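Asker: From first to last, the protein sequence lines stand for chains A and B.
For the first sequence, position 75 (counting from the first letter as 1) is numbered 119 according to the working numbering, and the numbering increases by one without interruption.
For the second sequence, position 466 (counting from the first letter as 1) is numbered 664 according to the working numbering, and the numbering increases by one without interruption.
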Amino acid sequence: MPYEFLDDGVTSDVTFHAWGRSLEELFSAAADATLNVMVRSVESVRPLETRSASVEADALDLLLMRFLDELIYRKDVEELLLRAKELHVDTERNRVQTVLTGERIDPKRHELVADVKAVTLHDLRVERSATGWDAHVTLDV
Amino acid sequence: MAAPAGIRRVDEAVWELPPTFRPGMRVPVRLFATEGLLGEMDEQVFAQAANVATLPGIVGYSFTMPDAHWGYGFPIGGVAAMDVETGVISPGGIGFDINCGMRLALTDLTEEEVRPRIRELVDALFERVPAGVGTKGFVKLGESDFADVLEQGTGWCLRHGFATEEDLDRTEERGCLAGADAAKVSPRALERGRNQLGTLGSGNHYLEIQVAHPEGIADPALAARFGITRPNQVVVMFHCGSRGFGHQVATDYLEVFLHAMKTKHRLEIIDRELACAPFRSREGQNYFTAMKCAINMSFANRQVILHRVREVFEAVFHRSPADLGMEMVYDVAHNTAKLETHRVDGERRQLLVHRKGATRAFAPGMPDLPPEFAETGQPVIIGGSMETGSYLLAGVPSGAASFYSTAHGSGRTMSRTKARKQFPGRDLERRLLAHGIYVRSASYAGLAEEAGPAYKDIDAVVEATDRAGLSRRVVRFTPIGNVKG
Chain A
45 MPYEFLDDGV TSDVTFHAWG RSLEELFSAA ADATLNVMVR SVESVRPLET
95 RSASVEADAL DLLLMRFLDE LIYRKDVEEL LLRAKELHVD TERNRVQTVL
145 TGERIDPKRH ELVADVKAVT LHDLRVERSA TGWDAHVTLD V
Chain B
199 MAAPAGIRRV DEAVWELPPT FRPGMRVPVR LFATEGLLGE MDEQVFAQAA
249 NVATLPGIVG YSFTMPDAHW GYGFPIGGVA AMDVETGVIS PGGIGFDINC
299 GMRLALTDLT EEEVRPRIRE LVDALFERVP AGVGTKGFVK LGESDFADVL
349 EQGTGWCLRH GFATEEDLDR TEERGCLAGA DAAKVSPRAL ERGRNQLGTL
399 GSGNHYLEIQ VAHPEGIADP ALAARFGITR PNQVVVMFHC GSRGFGHQVA
449 TDYLEVFLHA MKTKHRLEII DRELACAPFR SREGQNYFTA MKCAINMSFA
499 NRQVILHRVR EVFEAVFHRS PADLGMEMVY DVAHNTAKLE THRVDGERRQ
549 LLVHRKGATR AFAPGMPDLP PEFAETGQPV IIGGSMETGS YLLAGVPSGA
599 ASFYSTAHGS GRTMSRTKAR KQFPGRDLER RLLAHGIYVR SASYAGLAEE
649 AGPAYKDIDA VVEATDRAGL SRRVVRFTPI GNVKG
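1) Cα-Cα, which of B:639, B:634 and B:671 is closest to residue 312 of chain B?
2) Check whether the Cβ atoms of residue 499 of chain B and residue 397 of chain B sit closer than 9 Å, and answer yes or no.
3) Using 9 Å as the limit for Cβ to Cβ distance, is residue 481 of chain B near chain A?
4) Report the residue from B:570, B:493 and B:331 whose alpha carbon sits nearest the alpha carbon of residue 351 of chain B.
5) Please report the Cβ distance between residue 124 of chain A and residue 87 of chain A, rounded to the nearest whole angstrom; I am assuming they are in contact, meaning their Cβ atoms lie under 8 Å.
6) Using the C-alpha atoms, what's the distance from residue 576 of chain B back to residue 660 of chain B?
7) When you compare the segment 136 to 155 of chain A with the segment 79 to 96 of chain A, are there three or more beta-carbon pairs, one atom per stretch, that lie closer than 8 Å?
8) Are residue 602 of chain B and residue 561 of chain B close, meaning C-beta to C-beta below 9 Å?
9) Can you check whether the C-beta of residue 166 of chain A is within less than 9 Å of a C-beta belonging to chain B?
10) DSSP on residue 401 of chain B, reduced to helix/strand/coil?
11) Compare the C-beta of residue 533 of chain B against all C-beta atoms of chain A and say whether one is closer than 9 Å.
12) Leaving out five residues before and five after residue 320 of chain B in sequence, what residues of the same chain have Cβ atoms less than 8 Å from its Cβ?
13) Give the interface partners of residue 50 of chain A over in chain B, defined as CB-CB distance under 9 Å, in chain order.
14) Distance check for residue 289 of chain B and residue 554 of chain B, CA to CA, integer angstroms please.
15) Would you call the segment 258 to 271 of chain B and the segment 647 to 666 of chain B touching, i.e. three or more CB-CB distances under 8 Å?
16) Any idea if residue 271 of chain B is buried or exposed, counting beta-carbon neighbours within 10 angstroms, 16 or more meaning buried?
17) From the DSSP output, read off the bridge partner residues of residue 676 of chain B.
18) Could you tell me if residue 173 of chain A is buried or exposed, where buried requires 16 or more neighbouring beta carbons within 10 angstroms of its beta carbon?
19) Taking 9 Å as the CB-CB limit, is residue 110 of chain A close to chain B?
20) Can you list the residues of chain A that residue 270 of chain B reaches, using a CB-CB cut of under 8 Å?
21) Whole angstroms is fine: what's the gap from residue 109 of chain A's alpha carbon to residue 475 of chain B's?
22) I want to verify the contact list: residues of chain B whose CB lies under 7 Å from the CB of residue 82 of chain A, in sequence order.
23) Taking 8 Å as the threshold, find out whether the segment 324 to 335 of chain B comes into contact with the segment 153 to 164 of chain A through three or more Cβ pairs.
24) Taking Cβ positions only, does residue 335 of chain B come closer than 9 Å to chain A?
25) Taking only three categories from DSSP, how would you classify residue 173 of chain A?
26) Buried or exposed: which applies to residue 252 of chain B, given that a residue is buried once 16 or more other Cβ atoms fall within 10 Å of its Cβ?
27) Would you check if the distance between the CB atom of residue 170 of chain A and the CB atom of residue 57 of chain A is smaller than 9 Å?
28) Against chain B, which members of the segment 125 to 144 of chain A pass a CB distance test of less than 7 Å?
29) Going straight from the alpha carbon of residue 411 of chain B to that of residue 592 of chain B, what length do you get?
30) Give me the chain B residues within the contact set of residue 102 of chain A, using Cβ-Cβ distance strictly less than 9 Å, ordered along the chain.
31) Enumerate in chain order the residues of its own chain whose CB-to-CB distance from residue 563 of chain B is below 7 Å, with the five nearest sequence positions on each side excluded.
32) Inspect the beta-carbon positions of residue 355 of chain B and residue 225 of chain B and report whether they are closer than 9 Å.
33) Go ahead and label residue 620 of chain B buried or exposed: buried means 16 or more other beta carbons lie within 10 angstroms of its beta carbon, across all protein chains shown.
34) Report yes or no: is there a C-beta of chain B within less than 9 Å of the C-beta of residue 117 of chain A?
35) Could you tell me the distance, in whole angstroms, from the CA atom of residue 599 of chain B to the CA atom of residue 668 of chain B?
36) Just verifying my parser: in three-state terms, what is the DSSP assignment at residue 394 of chain B?
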């Protein structure tokens, strides 16, 4: 699990730290962390539906915010819980292209936890680390 | 955690941080809290309130309420009034859940009548008021219908049989801010919100059956004026907001503001969550107009939920909602920015008052109050954690010290992650049952995050608002049934 939830984050929200050897791994980990706020086991989400998405932004950290916002948006509009199956991050254009797979929310199959309202800009960071990339994200729940 | 050096006690429950506390502060910070609550406050509250004090056009003080805790951008429990000509509007001063608020409705039932049916009642409410992650409401709306909801708020509900005329009288702003324009909202936000009317949401959103015990009546005369007239009277209180619609409006404009600050307005801010735009700028006005849509959506959401609650009571008790006396006490919002006229240094000025996790609390005689509250002051509804209790308060003249703002709830003291580790949801459910509170939850892990010890002591918060002169206690309610989102 390439992410951890931090105990000492913003009290009313959820802060996670995600990491990966590449930006692709990092974005994928951040997607799973966001999903994990909503559902207790990300493994309980089966890859029954496929969606593709392409997101652009002004900066790399805002790109992560927009990418996660896309997952929250599809959760509300299509009632889909999604994971990143394929991902390509283009750092020159600050663009991410992704294939997402998942399934419709089913309270009988998915142990649901808390809805994510939004990705905040609070101390939002995407940074290089010794082993690749790190991100800190605070979600409003 | 401790209050920073340099804090000064102004009054028994009023504290001040001077503008020298951090560079760039335009006004001092005023904190309303008892010594105990101040000592427990997250360090970040002081830093964030000081950051707010640096925003252009801020008037008077950057305020924090007694339930203040660490948020993003503004602290939760933060209040800031901006000059409309020179000041800014900031989505981070309102929150993602625009117009999140509390609604309180009466019944003429007593605890003795409701307790034997509490499981049936709560189970039916859980069934009929969708709660939890990504739920859809029962109202099916086309795109243009949803635009009508955004522009008409509770008025739309009245025309579609979900509200009474009296409900509108008992809602802040009569449930609709004029000037909302759905054209200022992104297609993404419209898509996100269209199916969510009549849904509770999750996190700390809930619907409770509560009792006003005789020992909970702090001011019998005012309680009676608000409709609490019999011993052990049962009331319904719920907490929710503008759902994914409001969250998306805030997200969209945060990005618009970040971009415009850099390229157009040359505004420097300390924290990106304080992204803002001059209120009079095109971006500022567009956000204000879009925010009004979210405010109206939220009022309509709570109205549709109340309609469903009335249907459930009718089905369970075989009496009509009118016969059951299911009138509203009031509906208050605690995540807003509103244009209000206040007296500053003897002069009446129009201000844009940001309240994030803070409730408006107008005093008796203020012109924006409906006539029935002219003598009582505005009812203020404060939700506690589900284990403790909730309050009905009233606005007071001394509230002028905070532009008539008071607390909104108990305020978290522990992160959700920590609470989840410490309080398994099923244990909490059993403990609540042992205390006579029957809970249905869309999520037991989510339930754990809302455990009583994860919050400040609601009685201490309300006492602090009283001592600080922000509002007065009227009734304390005890929960007996809870639907948790």
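We put the beta carbon where it would ideally sit given N, CA and C, even for glycine.
Because the structure is a prediction, the values reported are computed rather than measured.
Answerer: Inspection of the coordinates gives the following:
1) Your numbering for residue 312 of chain B matches position 114 in the second sequence. It is B:634.
2) Here the question's residue 499 of chain B lines up with position 301 in the second sequence. Here the question's residue 397 of chain B lines up with position 199 in the second sequence. For residue 499 of chain B and residue 397 of chain B, yes; Cβs fall inside 9 Å.
3) Along the second sequence, read from residue 1 onward, the residue named residue 481 of chain B stands at position 283. Output row for residue 481 of chain B: interface = no.
4) Along the second sequence, read from residue 1 onward, the residue named residue 351 of chain B stands at position 153. Nearest option by C-alpha distance: B:493.
5) Reading the first sequence from its first residue, position 80 is the one you call residue 124 of chain A. Reading the first sequence from its first residue, position 43 is the one you call residue 87 of chain A. Going by Cβ atoms, the distance from residue 124 of chain A to residue 87 of chain A rounds to 16 Å, so no, they are not a contact pair.
6) Counted from its first residue, the second sequence places residue 660 of chain B at position 462. Counted from its first residue, the second sequence places residue 576 of chain B at position 378. Between residue 660 of chain B and residue 576 of chain B, the C-alpha separation is close to 16 Å.
7) yes
8) Position 404 of the second sequence holds residue 602 of chain B. Position 363 of the second sequence holds residue 561 of chain B. Result yes, Cβ atoms of residue 602 of chain B and residue 561 of chain B sit closer than 9 Å.
9) As a working note, residue 166 of chain A is residue 122 in the first sequence. Chain B contact via Cβ: present.
10) Taking the second sequence and counting its residues from 1, the one referred to as residue 401 of chain B is at position 203. Looking at residue 401 of chain B - three-state DSSP - the assignment turns out to be coil, as it is neither helix nor strand.
11) Residue mapping note: residue 533 of chain B aligns to position 335 of the second sequence, counting from 1. Closer than 9 Å: no.
12) For the purposes of this step, residue 320 of chain B is taken as residue 122 along the second sequence, with counting starting at 1. The residues are 407, 636, 637, 638, 679, 680 and 681.
13) Position 6 of the first sequence, counted from the start, is the residue given in the question as residue 50 of chain A. In chain order: 613 and 615.
14) Within the second sequence, residue 554 of chain B is the residue found at index 356, counting from 1. Within the second sequence, residue 289 of chain B is the residue found at index 91, counting from 1. Rounded to whole angstroms, residue 554 of chain B to residue 289 of chain B spans 10 Å at the Cα level.
15) yes
16) Counted from its first residue, the second sequence places residue 271 of chain B at position 73. Counting Cβ neighbours within 10 Å, residue 271 of chain B comes out buried, since at least 16 surround it.
17) The count along the second sequence starts at 1 and reaches residue 676 of chain B at position 478. According to DSSP, which records beta bridges pairwise, residue 676 of chain B is partnered with B:409.
18) Stepping through the first sequence from its first residue, residue 173 of chain A is reached at position 129. Burial call: exposed.
19) Residue mapping note: residue 110 of chain A aligns to position 66 of the first sequence, counting from 1. Yes, residue 110 of chain A counts as interfacial toward chain B.
20) Walking along the second sequence from the start, residue 270 of chain B turns up at place 72. Under the 8 Å cutoff, chain A gives 54, 57, 164, 165, 166, 182 and 184.
21) The residue given as residue 109 of chain A occupies position 65 in the first sequence. The residue given as residue 475 of chain B occupies position 277 in the second sequence. Whole-angstrom Cα-Cα distance: 21 Å.
22) The residue labelled residue 82 of chain A in the question sits at position 38 within the first sequence. Neighbours of residue 82 of chain A on chain B, chain order: 331.
23) yes
24) Within the second sequence, residue 335 of chain B is the residue found at index 137, counting from 1. So no, residue 335 of chain B is outside the interface.
25) In the first sequence, the residue the question calls residue 173 of chain A occupies position 129. If DSSP states are grouped into helix, strand and coil, residue 173 of chain A belongs with the strands.
26) The count along the second sequence starts at 1 and reaches residue 252 of chain B at position 54. When all chains shown are included, residue 252 of chain B counts as buried.
27) The residue given as residue 170 of chain A occupies position 126 in the first sequence. The residue given as residue 57 of chain A occupies position 13 in the first sequence. Not a contact, by the Cβ cut-off of 9 Å.
28) none
29) Position 213 of the second sequence, counted from the start, is the residue given in the question as residue 411 of chain B. Position 394 of the second sequence, counted from the start, is the residue given in the question as residue 592 of chain B. Looking at the two C-alpha atoms, the distance is approximately 18 Å.
30) The count along the first sequence starts at 1 and reaches residue 102 of chain A at position 58. Within 9 Å Cβ-Cβ: 453, 456, 457 and 460.
31) Locating residue 563 of chain B in the second sequence gives position 365, counting from the first residue. These residues qualify, in order along the chain: 572.
32) On the second sequence, residue 355 of chain B is found 157 positions in, with the first residue counted as 1. On the second sequence, residue 225 of chain B is found 27 positions in, with the first residue counted as 1. Not in contact: residue 355 of chain B and residue 225 of chain B (Cβ atoms no closer than 9 Å).
33) As a working note, residue 620 of chain B is residue 422 in the second sequence. Per the 10 Å Cβ criterion, exposed.
34) Here residue 117 of chain A refers to the residue found at position 73 when the first sequence is read from its first residue. It does: the Cβ of residue 117 of chain A has a partner Cβ on chain B nearer than 9 Å.
35) The sequence position of residue 599 of chain B within the second sequence is 401, counting from 1. The sequence position of residue 668 of chain B within the second sequence is 470, counting from 1. Each residue's alpha carbon lies about 8 Å from the other.
36) Your numbering for residue 394 of chain B matches position 196 in the second sequence. It is coil, neither helix nor strand.
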